[in-house]
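Same order as they appear, the protein sequences are chains A and B.
Here my numbering is used: the first residue of the first sequence is 752, the next is one more, and so on.
Here my numbering is used: the first residue of the second sequence is 308, the next is one more, and so on.
Beta carbons are placed, not taken as given, at the ideal position from N, Cα and C, and that holds for glycine.
For clarity, every value in this text was computed on a predicted model and none was experimentally measured.
Notes to accompany the following structure.
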Amino acid sequence: MSTAPGQGDIGGVVPSEVRELLRGQALVLQRPVWGPRHGRHASVRTGVGLDFRDHRPYVPGDDPRMLDWRAIARRDRLVLRQTESEDELSLFLAVDCSAAMAYGEGESNKAYIAGAIAGALALLAIRQGDRVGLALGRAGDIDASLLRPLGGNDRLSAIARVLQRDEPAGLCPWPRIIGRIAPRLARRSLLVLISDFLDPCGHAGEEAEAELLRGLARLRARDHDIVLVQVLHRHEVEFPWANRTMIRFEDARGVREPVEGAGVRLRDGYLARLRSHLDRLERTCERDGLFLHRVVSDDPVAEALVTLLGRLAGSPPVRRPLVEGHP
Amino acid sequence: MTLLAPALLLGLVALTLPVIAHLMGHREPQRVRFAGVRFLEPVERVVTRRRAPRDIDLLVARLLLLALLVLLLARPASVGQTSVAVIAEPHDAVVVVDGSRSMGLEVDGASLLVHAGDRIEALLDALPAGSRVGLVTSDPGGPRVEPAEDPERARAALRDWIERGAPRPGAWTLADALPLAVSLLSPAAGEERKRAIYAFGDRTAHGLGSLPETAEGGIAILAVPAVEEADLPEHVSLDEVSWEQAPDIDPRAVRIQAVLRRHGGAEDGERTKRPISVALLVGGEEVARTVVQVEADTDVQVEFTHQLLDGGTTFPATVQLVDLEDDPLPSDDRRHLWLSPDDALEVMVVNGDPSELRAHDEVFFLGTALSASESSTSMHVTSLAPDQLEQRIREQGASALGDVDVLVLANVRAPQEDVAPALVGFVERGAGLLITVGGRVEAEPYNARLGAVLPLLLREPVVVGTAPGRKEARVEGIAPPDLSHPLFAGVEGDPGLSGTRARKIFLLDPDPDRGASIAISFTSGAPALVTRDADLGRVALLTTTVDRDWADLPLRPGFVPLMEHTIAYLAGARARALGATVMVGQPRTVEADAPLEVETPSGRKISIAPDRDGLAVFSDTYEVGHHRVLRADGSLVRTGLFAVQVDPAESLTRPLPLTRRELEGERKNVSTITPRWRSLVPLVLVLLIAEVVLRWRRRRG
Chain A
752 MSTAPGQGDI
762 GGVVPSEVRE
772 LLRGQALVLQ
782 RPVWGPRHGR
792 HASVRTGVGL
802 DFRDHRPYVP
812 GDDPRMLDWR
822 AIARRDRLVL
832 RQTESEDELS
842 LFLAVDCSAA
852 MAYGEGESNK
862 AYIAGAIAGA
872 LALLAIRQGD
882 RVGLALGRAG
892 DIDASLLRPL
902 GGNDRLSAIA
912 RVLQRDEPAG
922 LCPWPRIIGR
932 IAPRLARRSL
942 LVLISDFLDP
952 CGHAGEEAEA
962 ELLRGLARLR
972 ARDHDIVLVQ
982 VLHRHEVEFP
992 WANRTMIRFE
1002 DARGVREPVE
1012 GAGVRLRDGY
1022 LARLRSHLDR
1032 LERTCERDGL
1042 FLHRVVSDDP
1052 VAEALVTLLG
1062 RLAGSPPVRR
1072 PLVEGHP
Chain B
308 MTLLAPALLL
318 GLVALTLPVI
328 AHLMGHREPQ
338 RVRFAGVRFL
348 EPVERVVTRR
358 RAPRDIDLLV
368 ARLLLLALLV
378 LLLARPASVG
388 QTSVAVIAEP
398 HDAVVVVDGS
408 RSMGLEVDGA
418 SLLVHAGDRI
428 EALLDALPAG
438 SRVGLVTSDP
448 GGPRVEPAED
458 PERARAALRD
468 WIERGAPRPG
478 AWTLADALPL
488 AVSLLSPAAG
498 EERKRAIYAF
508 GDRTAHGLGS
518 LPETAEGGIA
528 ILAVPAVEEA
538 DLPEHVSLDE
548 VSWEQAPDID
558 PRAVRIQAVL
568 RRHGGAEDGE
578 RTKRPISVAL
588 LVGGEEVART
598 VVQVEADTDV
608 QVEFTHQLLD
618 GGTTFPATVQ
628 LVDLEDDPLP
638 SDDRRHLWLS
648 PDDALEVMVV
658 NGDPSELRAH
668 DEVFFLGTAL
678 SASESSTSMH
688 VTSLAPDQLE
698 QRIREQGASA
708 LGDVDVLVLA
718 NVRAPQEDVA
728 PALVGFVERG
738 AGLLITVGGR
748 VEAEPYNARL
758 GAVLPLLLRE
768 PVVVGTAPGR
778 KEARVEGIAP
788 PDLSHPLFAG
798 VEGDPGLSGT
808 RARKIFLLDP
818 DPDRGASIAI
828 SFTSGAPALV
838 TRDADLGRVA
848 LLTTTVDRDW
858 ADLPLRPGFV
868 PLMEHTIAYL
878 AGARARALGA
888 TVMVGQPRTV
898 EADAPLEVET
908 PSGRKISIAP
918 DRDGLAVFSD
928 TYEVGHHRVL
938 RADGSLVRTG
948 LFAVQVDPAE
958 SLTRPLPLTR
968 RELEGERKNV
978 STITPRWRSL
988 VPLVLVLLIA
998 EVVLRWRRRR
1008 G
């Protein structure tokens, strides 16, 4: 167990400049939510607020206090006045803490970026009174101790502690994580999965990967918002080993055979297959209504977060080429 | 086969190094823990621990290379036991080395001379202590080392001589080098030591085949062949080239004939044919090429026809064998000559008895014969009267006859006293002179004025059959001629002179000291046509008339060829003005009145000075190719173009059987070490290149 300073403090996960930036931001979804309690997100249900939404005919059993007398006078029949309601949001964070996320140094470390994004989203949600649950996949196992969504500073501290607690290791069992989270999703929850999504199912193959995405699509069909935050390192995008030096590439998760060769001979094939994989992922997400947000290690985390929040709130996506010269 | 440095075979242990290197010498690649391994296509199998060496072909090349290098350093050599017998007691010896061109034949990657050098080294090592050894070569420019107790002097001189480019063309035969060796072995007064000459060479007529069994003074000669093998590699030589004008094709056309010979090549008694390419180069550019099939040990003649370009008078030409890179004796693969469209023989006929009636004219038959002969196209015949000749000589001196190659005095009265010395000098400087007698020829003035060059002195004309006791025959016939006389070179069978009847002949004074040779004689034994070399020139004397006055010789079918051969023989004294060829080592004489410069093929300029007779001799003819003799102002001397050729006799490499002489008294055999490592060197180079190429291909991946 790590004993890094600031453990349990969200400041150890989310850099200060990001926290400063988030001070004026809010986690707002484009679609209304259905929370068990009153919150600050537009709800699909009518409520007891002040903002008028609609009239509807009176049926026996309705609360007579909700009768709109002026409207009854105009229409000569009984109508009820309905007002907008605001519910709280259930945010589920699923973070890949496999060894693949350990790539990169300092602020370009993928796990660091993933933790910062997860911590920032948790901070925003809890600050605005939403409930947050967290599942962590690491070393082939699931840390589901914080899976039940709760609000409050205790939950934030717990999340910060869990995110800082262990170094990335092993692989992240995505199908099992989804299997654990899915029954706990209340109506219209927000599920954010943070990973590199380069090889989410390891040697189980592309079929398992497609099945994982189909599972997410089914959750989306149940009116949950599914967000895939893909954290990539610049090296993974551009493959900078372009000389004749012999390099032995070992799978960080330890599930694939190592590959050895001169970078220059591997590069073109790698880039082509990566491009194909990313395109396929984009197309699948677009088709199934999943929300894919891609973050590259040298992008500032704050900027990436603002973009993500904007897109959650309904801003159109800004497409940028991952690699110069590759659209 | 043995190894001179067997200890170095321990180096074979080093063969394990490449194997280990190929097993373990794999550079540890940079390790990267990467998330996108699934997108990497394996280009090489990742081997964590090698059980079999990688890059087998590279490993094999390296192992072979290393093994050969070790073998090379261990110096494999074959040891012969019987080839050199050495007198076992201390003695005086001279090593005579054949420096003729045939010693350049490549056998087993080295020339015969190098092989001979190895054997000489073995001999020098084996000489008993107290022996003295000297060195002589058959190369005129080769080393001479007086016998000395230290064999190192001879060894160093030999090594130096070989490094300077021996063998070169123009060497003497080994027999010619013997007197020099004998002179080096002349014993000191009162000294009684055994003497021996060890002759090293090939078994050709120029080499060991020329040696007698003993040298002068009873010195034993021990012939040691350069190599023991009886089968030497075959080679092809260009033995002769000649040319003539071809006016039947074009006034500027020439025919060039070459004879090439394949020496050896008969395999198991089968005479297989081999295609040989021959090219003609004129002015340095190839103008024609042909391929001929040459059987083993046979000659083949090749003929080129070429039209010389306008605007030039002389053209250097070369006939050479091409695409013969593997010829073991390349020095005879090319021959040089000068071509000229207007190179004609100048014949001046002095008519001593002209007549308005053509058939009675003294030179009517001679002129007709010369114009009808096969070589008439290359002959300019001019005719003049004796007075005109004398007048011209008086006016112009010796240069009056400067362009004339052959002068014919046909029934001319003896030249005047003031003119005669010019004629004598003219002949002695290399011209030809034909004298035919007749009614105007008087013995005494002729003998007095031209006696210096006459083959035999004239005595008197006699009418045949009037001699005392000779009444039955009124005419003389011609005896069968002596075809061995150089005048009849190329003539076979009956020369067509039988049946000639002479009614009157000029008798000559027999004088064996004059060196005259009789080409044709009458049936009575009296000479009919007698020749003699007069200094550089040649003179022929016909003891009857060249017209029908005294004999009916002109009516005989052999008259035309006889005159043609006679003129050609006389002209041969002065080598043809152009197209002259000189064998390597033979001097070239040119007429000169001032110092001249000879320009050699390599651009060297050598000055030669004329002697009192107006002749300059250039004797440094060891460089093969086109030579030019220039005056001080750079203009060309008339006879100043000649080409130096190698002697075809030196191309003969077929071994002659040698009778080996047994040594008297004590003797011991010497182990001759023939190095075999030289043939490994090209193999090592090839492997080295292969290794570099394989490594480069690996790197390029």
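- Judged by DSSP in its simplified three-state form, GLU669 of chain B adopts coil rather than helix or strand.
- The beta carbon of ARG1031 of chain A does not come within 9 Å of any beta carbon belonging to chain B, so the residue lies off that interface.
- Using beta-carbon distances, GLY1020 of chain A counts as an interface residue toward chain B, with a partner under 9 Å.
- Listed in chain order, the positions of the region 983-1003 of chain A with a beta carbon within less than 7 Å of a beta carbon of chain B are GLU987, THR996, MET997, ILE998, ARG999, PHE1000, GLU1001, ASP1002 and ALA1003.
- LEU646 of chain B has its alpha-carbon roughly 21 Å from the corresponding atom of VAL629 of chain B.
- Taking 7 Å as the upper bound on Cβ-Cβ separation, chain B lies near residues ASP947, LEU949 and ASP950 of the region 946-975 of chain A.
- Taking a C-beta distance under 9 Å as the contact criterion, ALA455 of chain B and ALA463 of chain B do not qualify as a contact pair.
- Taking C-beta atoms under 8 Å as the contact rule, ALA506 of chain B and ALA530 of chain B qualify, at a distance of about 5 Å.
- Restricting attention to B:ARG919, B:HIS933 and B:PRO902, the CA atom closest to the CA of PRO908 of chain B is found in B:HIS933.
- With contact defined as three or more Cβ pairs closer than 8 Å, the region 913-926 of chain A and the region 939-951 of chain A are in contact.
- For GLU1008 of chain A, the nearest CB of chain B lies under 9 Å from its own CB, placing it at the interface with that chain.
- Residues of chain A whose Cβ lies closer than 8 Å to the Cβ of GLN337 of chain B are, in chain order, THR996, MET997, ILE998 and ARG999.
- Of all alpha-carbon atoms in B:VAL951, B:LEU365, B:SER986 and B:GLN608, the one lying nearest the alpha-carbon of SER638 of chain B is that of B:VAL951.
- Assignment of GLY762 of chain A by DSSP, reduced to helix, strand and coil, places it in the helix class.
- Residue-level contact check: ALA862 of chain A does not touch chain B, since none of the beta carbons of chain B fall below 9 Å from its beta carbon.
- Inter-segment contact for the region 916-933 of chain B and the region 886-900 of chain B is present: three or more beta-carbon pairs are separated by less than 8 Å.
- Residue ranges of uninterrupted beta strand (DSSP E) with 3 or more members, entirely inside the region 963-1041 of chain A and ordered along the chain, are 976-983, 997-1002 and 1010-1013.
- The residues ARG810 and LYS811, in chain order, have a CB closer than 7 Å to that of VAL770 of chain B in the same chain once the five nearest residues on each side in sequence are set aside.
- The beta carbons of VAL589 of chain B and ALA624 of chain B sit closer together than 9 Å.
- Annotated three-state conformation of ALA847 of chain B is strand, per DSSP.
- Counting of Cβ neighbours within 10 angstroms places GLY524 of chain B among the exposed residues, the total staying below 16.
- Taking CB atoms only, ALA850 of chain A has a neighbour in chain B less than 9 Å away.
- Cβ contact annotation for MET997 of chain A (same chain, cutoff 8 Å, sequence separation greater than five): GLU1011, GLY1012 and ALA1013, in chain order.
- Taking the Cα of ALA871 of chain A as reference, the smallest distance to any Cα among A:ALA972, A:LEU970, A:LEU967 and A:GLY763 is reached at A:GLY763.
- As DSSP reads the structure, TYR753 of chain B sits in no beta bridge.
- Bounds of the alpha helix (DSSP H) holding TYR863 of chain A are 861-878.
- Contact annotation: the region 846-859 of chain B does not touch the region 432-441 of chain B, with fewer than three C-beta pairs closer than 8 Å.
- Rounded to whole angstroms, ALA823 of chain B and LEU869 of chain B show a C-alpha spacing of 18 Å.
- For ASP425 of chain B, the three-state secondary structure derived from DSSP is helix.
- The three-state secondary structure of PHE948 of chain A, taken from DSSP, is coil.
- According to the DSSP secondary-structure assignment, ASP892 of chain A is paired through a beta bridge with A:ARG889.
- A direct Cα-Cα distance of roughly 24 Å separates ILE556 of chain B from ARG642 of chain B.
- The straight-line gap separating the alpha-carbon atoms of ILE868 of chain A and ALA1055 of chain A is approximately 9 Å.
- Secondary structure at ASN658 of chain B: strand, using DSSP grouped into helix, strand and coil.
- Neighbours of HIS1028 of chain A in chain B, taken as residues at a C-beta separation under 9 Å, are given in chain order as GLY343, ARG345 and PHE346.
- Of the residues assessed, LEU677 of chain B falls on the buried side of the cut-off, its CB having 16 or more other CB atoms within 10 angstroms.
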